[in-house]
Amino acid sequence: MMKAFENKVIWITGASSGIGEELAFRFAAENALLVLSSRRFDELIRIREKCRMTEEQCMIIQLDMTDCQNFQDAVDQVIRQFGRIDILINNAGISQRALAIVTLPETERRIMEVNFFGVINLSRQVLKEMLKAGSGHIVVLSSMAGKFGFPLRSAYAASKHALHGYFETLRLEMKKENIVVTMVVPGRIKTNISLNSVTGNGSAYGIMDKGQINGIPVSRACIKIIKGIKNKKFEVIIARQEKILLLLKRFLPSLYFYLSGRISST
Ligand SMILES: NC(=O)c1ccc[n+]([C@@H]2O[C@H](COP(=O)([O-])OP(=O)(O)OC[C@H]3O[C@@H](n4cnc5c(N)ncnc54)[C@H](OP(=O)(O)O)[C@@H]3O)[C@@H](O)[C@H]2O)c1
């Protein structure tokens with residue numbers, strides 16, 4: 036039986052670790068054709084080997100999400116190899132572990148460049164190819180911090196909130212064009228994201244938070260993400276207790292603000 040993603044060209048940004056790595060592994064098992072991008076070339080090679088894929092089946096592109104001037108060239112490379120991009124998964128991202136008061140403006144800009152401007156600029160370039168092809172699917176990794184504020188994540192939460200405004204609009208604009216948009220909204224998933232987070236001055240936080248260690252296993256999260264993509268869902272929520280906060284924010288905001296200030300942010 037034909038698998039749902041067989042021969043689909045799927046581009047995963049931030050494929051060198053965590054959620055991106057697991058998605059690559061799972062889509063490889065579905066016989067998809069992959070494009071893996073991130074800054075760490077050697078890690079991407081490792082993932083391709085782990086996926087047991089050839090260069091013809093899995094293309095690797097070293098791409099920093101802050102280097103928007105390189106995006107067109109990257110898109111052209113993919114089109115030369117595969118002829119189309121069926122699904123773009125905007126997964127690359129960095130988080131923050133610092134109070135707003137001590138976060139430097141350049142750190143805030145870097146977080147916005149990676150998590151927001153990089154994502155919308157790459158999506159625009161890819162969208163042009165999807166429009167030529169007459170269909171496409173753009174997936175965006177947001178966060179629960181894209182739905183409500185969370186201590187130590189001011190710029191991160193801002194960048195993820197911004198994604199919702201942008202991609203909800205894009206979805207409405209592109210409905211007639213057969214372009215699907217899926218927002219993925221995870222709570223804490225067990226990856227190295229806290230290790231890779233930035234402090235106020237932009238240096239690596241370097242600590243694996245307790246909340247992260249006890250997060251949802253990345254395999255379980257990716258099963259849900261892939262199911263959501265397959266079913267062309269607009270929103271895929273992957274969370275435990277954060278779901279309660281989401282409901283409280285909507286229906287009992289005063290209780291939400293009382294409780295959210297008491298939850299450990301590390
Ligand atoms: N884990 C969670 O609890 C959680 C919760 C909510 C949302 N999310 C979101 O899920 C996505 C994946 O996070 P993760 O948990 O898998 O974290 P992760 O393990 O730290 O992976 C982050 C990925 O982003 C890439 N990346 C970072 N900066 C980049 C840049 N400037 N240019 C290109 N790639 C860059 C990294 O690759 P290189 O270092 O090789 O560039 C890495 O592959 C992020 O968007 C994150 O905000 C995660």
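For the sequence shown, the residue numbers in the working numbering are 36 to 301. Don't be surprised by glycine CBs; every beta carbon is placed ideally from N, CA and C.
Quick check on DSSP: helix, strand or coil for residue i?
i    : result
P140 : helix
L176 : strand
M100 : coil
I120 : coil
I248 : helix
T89  : coil
I75  : Correcting the residue identity first, residue 75 is Arg in this sequence and not Ile. The answer is coil: DSSP assigns R75 none of H, G, I, E or B.
A239 : strand
M94  : strand
Less than 7 Å separating the Cβ of residue i from some heavy atom of ligand 1?
i    : result
E84  : no
Q131 : no
S299 : no
T226 : yes
T48  : yes
M165 : no
E208 : no
Q104 : no
A127 : yes
For residue i, which beta-bridge partners are listed by DSSP?
i    : result
V219 : L176 and V271
N125 : V175
Q131 : V233
T301 : DSSP, once it has assigned bridges, lists no residue as partnering T301.
L68  : V44
I224 : I251
Of all the options the options, which has the alpha carbon lying nearest to the alpha carbon of residue i?
i    : options                 : result
I122 : N231, F292 and V216     : V216
R119 : N125, N105 and A109     : A109
S177 : K167, Y191 and P288     : Y191
K43  : V113, L280, I82 and K85 : V113
I'd like to know whether the C-beta of residue i is nearer than 8 Å to at least one C-beta of chain B.
i    : result
S232 : Included in the structure is just one protein chain, with no chain B present.
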